[in-house]
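Residue numbers (my numbering), protein chains in the order written: chain A, 1 to 567; chain B, 568 to 1134.
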């Protein structure tokens, strides 16, 4: 259903899902508060994701700091390459993303460099949208929020632009906790930050946002997943980078090499399951494979879950096979040994190169130091000496040059029990705020100005509204008892005794509460209450002592009819 | 029990509770990762707190951004006053908190200013602890992490030093969501940041930490709480700022005015209940009232929950009556109307002052503008005109001076239905990392090198270990089924089939798992398994189909004996 983007946002503000942050100080672009209903909805989405990934698939949930020292993001590439270009109005100071201003002037402005983009804007006389002032030439702007740790000069640090790096730098810890086996996975749910030049579209492009990311470390040659057998028959809407959109089974997509491996295919399924569990409309979901020129150079394959919402098709989740890129980058920069050990079924005889000192040449040349120099040579990596005229070694703090006449590269056979390997990473990365927004978007229904949010029971912030027909004659006391009984069962309930019953139903429908319970005068005589189902507006009467069970059943998806059997 | 602080931290690192953050890059002071067990323990603590505050007391949980623009913390006072003094070594560059270096040289170095502290350090020839270099004079250092929002010059912003401000700035939203009644409360669970000059003591003083804060907005003259009746008989160890430490009932403490009001007393009780629920040892807890000179000038009363841990008595929670200070500060800086409306039982006739223009004087003086000037005068706040020789008004963009001969202050009677009031704030503020650390500290037991973490079932990261006696003969398959049945019941289980059973029990005891289930050869014949209780090391046999129920009962505190009845 097409709607005005402001319509849903306005409901969200009015009813306590979302508030523009720091409103009393004029607000701050790209920052939102989750009000009580939004925070509860978010928590319910997080908990279901956790149930699937942590309890269901055995991922380790960890929590890393938001602030990280510069070397972490130097290694990840964010310091050098995580940037957009902006232009500034020379008269009013307003800033714009340069590529956004070039839309319509070029097929793909994101591929242009500063100069090309600057020329394009100049040639088309693009000006400030507010005051028609002249714009500066495009400048690169790093999208990480920068800060500094410690007093005095301090150390440069950044707010993480993604939660992923915390898991990559901890690979060895995760591997050890997983008792040194592959595959092993970690997840993190938390805030991440991008200093967007011009944030917009409500929750879709925020400066401070929430991610749920999983990093699965796998053996590079064993991208298989036993549970894939159970789901390969599931059909999913795919939009491959070659050929047309089609709904096909995951098994078919894997066998025809559209999806590059089984692990990726399994997590595409898990993502689809998650999305439909929390109430996204399957008819408005698809997995779009990245174009070859869209993928990072190191990525092996990448699929985005996209949802059709008021802003058009929007990326909610990326499921990527990132190869060994991330772990390799941290090995290179930290010099830490972020490898897994693959034990062979039985020890293998392998040929190993080594640097062998020639003492007959070392003796005359280095005299009393010859033995120490020989030992230092023996420790050199063969690759650093092979084919060289001379090498350098350090002996007793002294740097010595040793000519190639003093050593040779020899090959020796050794029995080894296994080998070190750098794991590949399969990364399902979920944009939590966008997912939450899309859940609201797909749940939104309006008929003659009557708004209903069709949230599923699993995620609805309030599970049941509890009303006394009148706030007198003891009906309120009974309703209070019913409220306490559902609360005690761990179900979020909302007590409301003001206004007509119709008005109270409408309030609950508008915030997505799946059912309501009304205590009336019959309750006093026969102990029954009315349970009303939001989506059908049908009602049944059941014993008041059964309300908690009935609500549990309803929000797990049981039909209202089955509830009436509880009577 | 006295122990080496490193002992517990080393267990935490080894077993996956805590990891020093960014270890492969040499670490970063004051930043820790929560490993899988730490993150699960933290989540369990958060969820119990949420159950008490949100479901139990009806607080609204909200989530605000971590980044805030400068005006927010200008209003809160943090930009001007949230600082420590540091000195820097002139040769090696090491930084120190100046007051820490003065310990032992002065009774209370925190009360000294830059000059006094500098003199004290100079007079005592205090030098760099690392290289004995000379130190600079003390300088003030603001403890907020600073950053900037947006491209170009950007806007100065800070990482929040507490979650509280997000709730104060949202008072009107919270009040409206609560249907405009007092008391109304909001809570927030999340990260906060303090750029400590020298962080130390593991989780006790972090640069990035986690808070659980509640802000209860109350009527200034109605600091009562009906549920206080239910708990006033509970005795709690108190250390008032007048007189000796003693254990007394909350009712007694309130009636003898040791605790200044009922609301505060109730939340002291709730804090105590929370602390003991999650396993803190009541014998190592106390509530210490702030000294009069320790309290902020605006605070009405403040009590800290302190726990005795390896570092000594340590503040975990502050429960404060902050008066109207915080809300007033934001009213002043934002000019927003952050008030509640108190509706009188029936409309009252009140005397209102107003500025009344004297047109007979205005006419000759202001001619054609007289009417506009008169209207402008009528809108002036009476206080700004009372007793003044002249006032200024703006008419049509022009600033005009009006002598007192042109107006008078008159008193008129009006019927009003209520009045605006600025709420007072009762703030229970919980330091989550310190609480988590204290839970581990109080749970730690060591006997002949055998370590047991006596975590309560409510918070234990793993609820049950599931073991096949041997990983063969089908025992592993049965253990797998048992594992699946407890997982499906939402209980975190850990499957282990390697090493002796004793070794496997030891692994579980060391991470605080309350019970273990072993599948052995009898299981194949009679379907029973062994359930072992961690704390008594006693065992009972029950039917394997009852394991999930038995574990649920055990972790809720049922004795092992009652479990055996399930057989």
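Every residue gets a Cβ at the ideal spot worked out from N, C-alpha and C, and that includes glycine.
With respect to residue 317(A), residue 185(A) sits apart: the two C-beta atoms are not nearer than 8 Å.
Interface annotation for the segment 428 to 453 of chain A against chain B: empty, criterion Cβ-Cβ distance under 8 Å. Under the 10 Å beta carbon count, residue 691(B) is surrounded by fewer than 16 other beta carbons and is classified as exposed.
Per DSSP, residue 756(B) is not a residue of any alpha helix (DSSP H); the beta strand (DSSP E) it occupies stretches across 751 to 760. Taking 9 Å as the cut-off between beta carbons, the residues of the segment 582 to 593 of chain B near chain A are 582, 583, 586, 588, 589, 590, 591, 592 and 593, in sequence order. Look at residue 944(B): its C-beta is not under 8 Å from any C-beta on chain A. CA-to-CA, the gap between residue 406(A) and residue 65(A) works out to about 51 Å. The Cβ of residue 736(B) sits closer than 8 Å to at least one Cβ of chain A.
Nearest to residue 498(A) by alpha-carbon distance, out of 393(A), 467(A) and 46(A), is 467(A).
Contact note: residue 31(A) reaches chain B through 631, 632, 634, 635, 636 and 716, using a C-beta cutoff of 9 Å and chain order. Chain-order list of chain B residues neighbouring residue 60(A): 603, by C-beta distance under 7 Å.
Close to residue 708(B), with beta-carbon spacing below 7 Å, are these residues of chain A in chain order: 151. As for any alpha helix (DSSP H) of minimum length 4 sitting wholly inside the segment 739 to 811 of chain B, the runs are 795 to 798, ordered along the chain. Residues 250, 266 and 269 of the same chain have their beta carbon placed closer than 7 Å to that of residue 231(A), with the five preceding and five following residues left out of the count.
For residue 162(A), none of the residues of chain B pass the 9 Å Cβ criterion, the least Cβ distance being about 15 Å.
With a threshold of 8 Å between beta carbons, residue 511(A) makes no contact with chain B. Listed along chain A is no residue with a C-beta nearer than 8 Å to that of residue 845(B); the closest approach is about 18 Å.
Ranked by Cα distance from residue 854(B), the options 935(B), 1013(B), 808(B) and 750(B) are led by 808(B). Straight-line measurement puts the Cα of residue 572(B) at about 22 Å from the Cα of residue 668(B). Exclusion of the five residues before and after residue 313(A) leaves 306 as the residues of its chain whose Cβ lies within less than 7 Å of its Cβ.
Residue burial annotation: residue 1052(B) is buried, with at least 16 other C-beta atoms found within 10 angstroms of its C-beta. For the segment 506 to 534 of chain A, the set of positions with a beta-carbon nearer than 9 Å to some beta-carbon of chain B is empty. Taking the Cα positions, residue 966(B) is about 60 Å away from residue 672(B).
With distances taken between CA atoms, residue 1108(B) lies nearest to 1087(B) out of 737(B), 954(B), 936(B) and 1087(B). C-alpha of residue 255(A) to C-alpha of residue 248(A): approximately 11 Å in a straight line. Residue 231(A) is outside the set of residues whose beta carbon lies under 8 Å from a beta carbon in chain B. Residues of the segment 738 to 757 of chain B whose Cβ lies closer than 7 Å to any Cβ of chain A, in chain order: 740 and 744.
Following the DSSP letters along the chain, one finds residue 907(B) in no alpha helix (DSSP H) but inside the beta strand (DSSP E) bounded by residues 907 to 924. Taking a beta-carbon distance threshold of 8 Å, residue 204(A) does not count as an interface residue toward chain B. In the DSSP assignment, residue 5(A) falls outside any beta strand (DSSP E) and within the unbroken alpha helix (DSSP H) covering 5 to 15. For residue 694(B), the closest C-alpha among the options 737(B), 655(B), 711(B) and 710(B) is that of 655(B). For residue 1004(B), DSSP assigns no beta-bridge partner whatsoever. The bridge partners DSSP lists for residue 411(A) are 353(A).
For residue 734(B), no beta strand (DSSP E) encloses it; the enclosing alpha helix (DSSP H) starts and ends at 731 to 736. Judged by their CB atoms, residue 223(A) and residue 262(A) are nearer to each other than the 8 Å cut-off.
Apart from sequence neighbours up to five positions away, the residues of its chain that approach residue 783(B) with a beta-carbon distance below 6 Å are 750, 752 and 993, ordered along the chain.
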